[in-house]
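So the sequence shown is numbered by my numbering: it starts at 2 and just counts up by one.
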Amino acid sequence: MTSFDHIYDQPDPRAYFRALGPLEYQAPHHGQNIFRRALTACGQTVRPAEPVTVLDICCSYGINAALINHEVTLDDLYSHYTSPQATELTTAELIEWDRSYYAARRRPDAARVLGLDMAANAISYARAVGLLDEGFAENLETAPPSPPLRRAAQHTRLITITGGTTFLSPRTFQRLLACVHAPVWVAALVLRTTSYTSIAACLAAHGLVTEKATTHTFLQRRFTDAVEQQYAVQAVTAGGEDPYGKETDGYFHTALHLSRPFEDVRAFPLTDLMPSR
2 MTSFDHIYDQ
12 PDPRAYFRAL
22 GPLEYQAPHH
32 GQNIFRRALT
42 ACGQTVRPAE
52 PVTVLDICCS
62 YGINAALINH
72 EVTLDDLYSH
82 YTSPQATELT
92 TAELIEWDRS
102 YYAARRRPDA
112 ARVLGLDMAA
122 NAISYARAVG
132 LLDEGFAENL
142 ETAPPSPPLR
152 RAAQHTRLIT
162 ITGGTTFLSP
172 RTFQRLLACV
182 HAPVWVAALV
192 LRTTSYTSIA
202 ACLAAHGLVT
212 EKATTHTFLQ
222 RRFTDAVEQQ
232 YAVQAVTAGG
242 EDPYGKETDG
252 YFHTALHLSR
262 PFEDVRAFPL
272 TDLMPSR
């Protein structure tokens, strides 16, 4: 896969949107639709006066938090961050502008969102503009969570991820779930080039049943070149999936994996939580 490491830890997200816009990157758009439905369902066991806590893994600049908690779309964010006005601002000026931008669009039912990412600059930006209630620049693949992360994650009800499972092992999830005190849901959009089997097994050890949506997949982004497409087609085929009409048409696709306690699986069927096509 093409590396985009250079855009993930800038002082602000303008390079991120400039680079990924032409590739039609859209995973957070699909996450917005899915995560809001999941929040409504799993939040029914939380006291009405208590916002649901979401922990977003690989949160980068807080984009999933922006889409969950604000009346904006991913297309709105592409337009916002690639606009002539945004281009002319310093990072400090952009942060001030963004504070007002998001505050004016905040939903009354906003969740409490924690962000986890290795990228310290991205975490700092997301906190500065008010997208994350708390953010942690930590790598749980290589070290256990810090005491502040352990405390913050205790009341998590929904763990989300729209990118990054390719680079994660069960270690990250094991260390997070050891912090959580209440039953938790895990909603992940996983590239079809990647196996989720070992992570699902880790979640099962914590009493979570993983369901994979089979009715349809979700576009992630366009391939950068023919080499990347060939890799994706071969990887999907090797994993026992059919790339025809998906990866063969020029795009990475993801599948939704939703993990929950068994009683929640029965109470909230996966088909009811899937967005309309």
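We put the beta carbon where it would ideally sit given N, CA and C, even for glycine.
What distance in whole Å lies between the Cβ atoms of residue j and residue i, which are believed to be in contact at a cut-off of 8 Å?
| i | j | result |
| --- | --- | --- |
| Y62 | A123 | 5 Å |
| C59 | G165 | 3 Å |
| T255 | V185 | At roughly 21 Å, the Cβ-Cβ gap does not stay under 8 Å, so T255 and V185 are not in contact. |
| L271 | A214 | 6 Å |
| Q221 | F253 | 4 Å |
| R106 | E72 | 5 Å |
Looking at residue i: is its Cβ nearer than 9 Å to the Cβ of residue j?
| i | j | result |
| --- | --- | --- |
| N70 | A28 | no |
| A67 | Y103 | yes |
| R193 | G240 | yes |
| N65 | V114 | yes |
| R158 | T41 | no |
| F5 | L78 | no |
| D110 | A138 | no |
| T161 | A189 | yes |
| A8 | L21 | Correcting the residue identity first, residue 8 is Ile in this sequence and not Ala. Cβ distance < 9 Å, so I8 and L21 count as in contact. |
| L274 | R38 | yes |
| D243 | C43 | no |
| L169 | G116 | no |
| Y126 | T91 | no |
Should residue i be labelled buried (16 or more other beta-carbon atoms within 10 Å of its own) or exposed?
| i | result |
| --- | --- |
| Y245 | exposed |
| E248 | buried |
| N1 | In the structure as shown, the chain starts at 2 and stops at 278, and residue 1 therefore has no counterpart that could be examined. |
| A179 | exposed |
| F219 | buried |
| P85 | exposed |
| H31 | buried |
| T198 | exposed |
| P146 | buried |
| P149 | exposed |
| F36 | buried |
| T163 | buried |
| D13 | buried |
| D76 | exposed |
| A233 | buried |
| A120 | buried |
Tell me which same chain residues have a C-beta within less than 7 Å of the C-beta of residue i, skipping the five on either side of it?
| i | result |
| --- | --- |
| L204 | F174, V187, T211 and S260 |
| G251 | R223, F224 and Q230 |
| R128 | G136 |
| V181 | A154, Q155 and T157 |
| R151 | C180 |
| T238 | P244 |
| L167 | For the record, residue 167 in the displayed sequence is Thr; it is not Leu. So the qualifying residues of the chain are L192 and T195. |
| D134 | R113, V114 and L115 |
Which partner residues of residue i appear in the DSSP bridge assignment?
| i | result |
| --- | --- |
| A112 | According to DSSP, A112 bridges with nothing at all. |
| G136 | G116 |
| W1 | Past the edges of the chain, shown from 2 to 278, lies residue 1, and the structure says nothing about it. |
| Y17 | According to DSSP, Y17 bridges with nothing at all. |
| H30 | Its beta-bridge partners do not exist; DSSP assigns none. |
| E25 | Bridge partners of E25: none, in fact. |
| V55 | V114 and L159 |
| V191 | A256 |
| P262 | L209 |
Spatial neighbours of residue i within its chain, please: CB distance less than 8 Å, with the 5 preceding and 5 following residues excluded, ordered by chain position.
| i | result |
| --- | --- |
| E229 | M2 and T3 |
| A87 | R15, H81, L95 and W98 |
| S196 | G240 |
| Q11 | Y17, N122 and A123 |
| P276 | H31, N34, I35 and R38 |
Short of 6 Å in beta carbon distance, which residues of its chain neighbour residue i, apart from the five on each side in sequence? Order them along the chain.
| i | result |
| --- | --- |
| F263 | V210 |
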